[in-house]
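Numbering (the working numbering), first residue to last: 703 to 902. Using N, Cα and C, we set each Cβ at its ideal position, and we do this for glycine too. None of these values were measured; they are calculated from a predicted model.
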């Protein structure tokens, strides 16, 4: 009986996928990122220092399917992202970059046959960080966080171009120590994302 139910469920699932006309493809692009503050502790002249934005990049897969609601679509993505910022640490400009997996789930609407707007949550998993000084060691990292993406784009044939704004919502910090003191960096992104996609 269980096998029969499983076969029926699989058959219904395949049928729904086929009927929903799911599209998928590849995407890549550049990110102009600005992390949050660097906060010093246990250091003389405790201070908060803001980040200077730098460009990064992303690449991944996207999927798109129409919803029963007329005119709306759902677009989940799986994207590898690497972003970078600069901080002034001990009177020297030092780069900080981190790598993450983003899974945005976007709800969108198409206009005029080629234009679209969208918004949705972005679930993020940080793979690792690098602070550009050999004397600094990472001691703690919040790996999971939640963000929000919104934007607009155009699609012509199999090609698509979109511009997004992303803001981190949940707490996400990396803590470091250098033998003298320690500090934390707020990993919540505030970035503009320019992406190019191709439908397979």
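Nearest-angstrom beta carbon gap, residue j and residue i [assumed within contact, 8 Å]
{"i": "residue 848", "j": "residue 872", "result": "4 Å"}
Check whether residue i and residue j have beta carbons under 7 Å apart
{"i": "residue 869", "j": "residue 892", "result": "yes"}
{"i": "residue 826", "j": "residue 860", "result": "no"}
{"i": "residue 810", "j": "residue 775", "result": "yes"}
C-alpha distance - residue i paired with residue j, whole-angstrom precision
{"i": "residue 748", "j": "residue 734", "result": "Because residue 748 carries a pLDDT of 49, less than 50, the predicted location of this residue cannot be relied on, and no value is offered for it."}
{"i": "residue 846", "j": "residue 756", "result": "23 Å"}
{"i": "residue 880", "j": "residue 723", "result": "54 Å"}
{"i": "residue 862", "j": "residue 833", "result": "34 Å"}
{"i": "residue 746", "j": "residue 828", "result": "Confidence in residue 746 is poor, its pLDDT being 47 and thus under 50, which makes the residue's placement unreliable; the coordinate value appears in the next sentence. Using only the alpha carbons, I get a separation of about 30 Å."}
{"i": "residue 740", "j": "residue 804", "result": "23 Å"}
{"i": "residue 779", "j": "residue 761", "result": "10 Å"}
{"i": "residue 853", "j": "residue 742", "result": "35 Å"}
{"i": "residue 824", "j": "residue 808", "result": "8 Å"}
{"i": "residue 850", "j": "residue 838", "result": "31 Å"}
{"i": "residue 821", "j": "residue 894", "result": "14 Å"}
{"i": "residue 857", "j": "residue 830", "result": "34 Å"}
{"i": "residue 782", "j": "residue 796", "result": "23 Å"}
Residues bridged to residue i (per DSSP)
{"i": "residue 806", "result": "824"}
{"i": "residue 735", "result": "756"}
{"i": "residue 724", "result": "According to DSSP, residue 724 bridges with nothing at all."}
Contact with chain B by residue i, beta-carbon distance below 7 Å
{"i": "residue 887", "result": "Absent here is chain B; the protein component of the structure consists of one chain."}
With three or more beta-carbon pairs closer than 8 Å as the criterion, would you say the segment 761-768 touches the segment 817-834? no
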